[in-house]
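Each residue of the sequence shown is one higher than the one before, counting from 1 in UniProt numbering.
Every residue, glycine too, gets a C-beta built ideally from N, C-alpha and C.
Reviewing the structure listed below.
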Amino acid sequence: MEWKVYKLSIGAACALEWPPERFVIQVLDDSTDPVVKGPESVSARPLPRFQDLVETECQRWKSKGVNIKYEVRGNRKGYKAGALKEGLKHDYVADCEYIAMFDADFQPDSDFLLRTIPFLVHNPEIALVQARWKFVNSDECLLTRFQEMSLDYHFKYEQEAGSSVYSFFGFNEHIFFLLLLLHLLGTAGVWRISAIDDAGGWKDRTTVEDMDLAVRAMLQGWKFLYVGDIKVKSELPSTFKAYRFQQHRWSCGPANLFKKMMVEILENKRVSLWSKIHLWYDFFFVGKVAAHTVTFIYYCFAIPVSVLFPEIQIPLWGVVYVPTVITLLKALGTPSSFHLVILWVLFENVMSLHRIKAAVSGLLDAGGRVNEWVVTEKLGDTSKAKPGTNGSDTAVKVIDVKLTEPLVPKLVKRRARFWER
């Protein structure tokens, strides 16, 4: 966990509304940083150990009556998946039914559990309730604006469409939605622990442990729910280095997972052959390899060549109409950044080359760093947050203990107007 955000995430988790005797908070830490990554003090005193700061913060909340556990691992085996796996082994987790997970830079609202748990209680076939990410620092710089444009489109249109439609050309009713949801399953959601166990638990064979678990759960027949009304504050990487590492993991991990799950998907008896082909082709091949390749070749090679060499003819619809429509549709998710569309298109096309390289390295297990976890640096600067928002390897995890008596939290209706922010 970055030292600038640990108080925000721990504080938000401890402020969750739920009977205190029915849930426990775990702060999972496998950080290898011996001291805080900050400037030296004026008095040149030794910087405190990072673990000491986190432990002090946990003790502060524990003194207020919060049931919080600070679990430190002595190694980083398995990275995030390894930490989550170890977290579920503790005795006090045995009676728990649900697990809500938040990365170090995520801050849920206090009513998060009251709005998500009912979906799981009343729908035993649902394995996961996924909330939407709300970015507190999207106006910090041009890089964060570009990220907001891409992710808002994903949440506002792709996720909403998949969650509402469910069925797509006769496929298994949740495969189409899962393809859209797979990108963003690692945080700001509530899992049913029995579904995790049924799917084989957390596995550390790739850097996309969330996607791995979701695919295996889907193959076991579990369903997923995305609720756009429930938003969890998070922070976008504001340095290009951090963003580049994140995009490498998001492209390399799924490609590597596809390589390792091809046979498992093929041998599964619960889904049809057509659904398996759809899962292979649409998500793994088109979404992670073909789309980036075609985008780069078309925008960065074909169109420039047609301008430099007039004898090479590209139809007007290919040069103007199709790119314009695609760009406008993407930009609709964030109207406030519409004036940045041209710059955003250029940026995305340049990044496509980086994503292609990452996807190919994942498919080929090349480079020696395919399964290496690089922490995405977050600055925790809430002073740059949007109006109306509050602004390591430490993961904050909230576990809901098995209900012993009726509890009637408020339910929320599924969002009907997809254009709502």
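query, result
"Starting from D52, trace the alpha helix (DSSP H) both ways and give me its first and last residue.", "50–62"
"CA-CA distance, M351 and D139?", "20 Å"
"Let me check understanding here. Comparing Cα to Cα, which of V325, L363, K357 lies closest to V345?", "V325"
"Skipping 5 residues on each side, what residues in its chain have a beta carbon closer than 7 Å to that of A302?", "I314"
"Here's the rule: buried if 16 or more other CB atoms are within 10 angstroms of the residue's CB, otherwise exposed. What is E57?", "buried"
"Going by DSSP, what residues sit across from R132 in a beta bridge?", "K231"
"Enumerated in chain order, which unbroken segments of the beta strand (DSSP E) with a length of 3 residues or greater are wholly contained in the stretch 86–156?", "96–102, 126–135"
"State the start and end residues of the unbroken beta strand (DSSP E) segment that holds L364.", "Where L364 is concerned, there is no enclosing beta strand (DSSP E), although the alpha helix (DSSP H) it sits in stretches over 341–364."
"On the criterion of 16 or more Cβ atoms from any shown chain inside 10 Å, does I117 qualify as buried, or is it exposed?", "buried"
"For T144 and Q107, what's the separation of their Cα atoms in angstroms?", "18 Å"
"Hey, out of L332, S275, R244, I196, whose CA is closest to R355's CA?", "R244"
"I68 by DSSP, collapsed to three states: which one?", "strand"
"Tell me the rounded alpha-carbon separation between Y226 and T206.", "24 Å"
"Specify the secondary structure class of Q26 as computed by DSSP and reduced to three states.", "strand"
"From what residue to what residue does the alpha helix (DSSP H) around W250 run?", "240–267"
"Determine the closest residue to P335 out of N256, D152, D229, F258, with distance taken between C-alpha atoms.", "D152"
"Given 8 Å as the limit, is there contact between the stretch 246–253 and the stretch 192–204, that is, 3 or more CB pairs closer than that?", "no"
"May I have the straight-line CA-CA distance separating F102 from E311, to the nearest angstrom?", "55 Å"
"Judging by CA-CA distance, which residue of V232, F347, I277, Y281 is the nearest neighbour of F296?", "F347"
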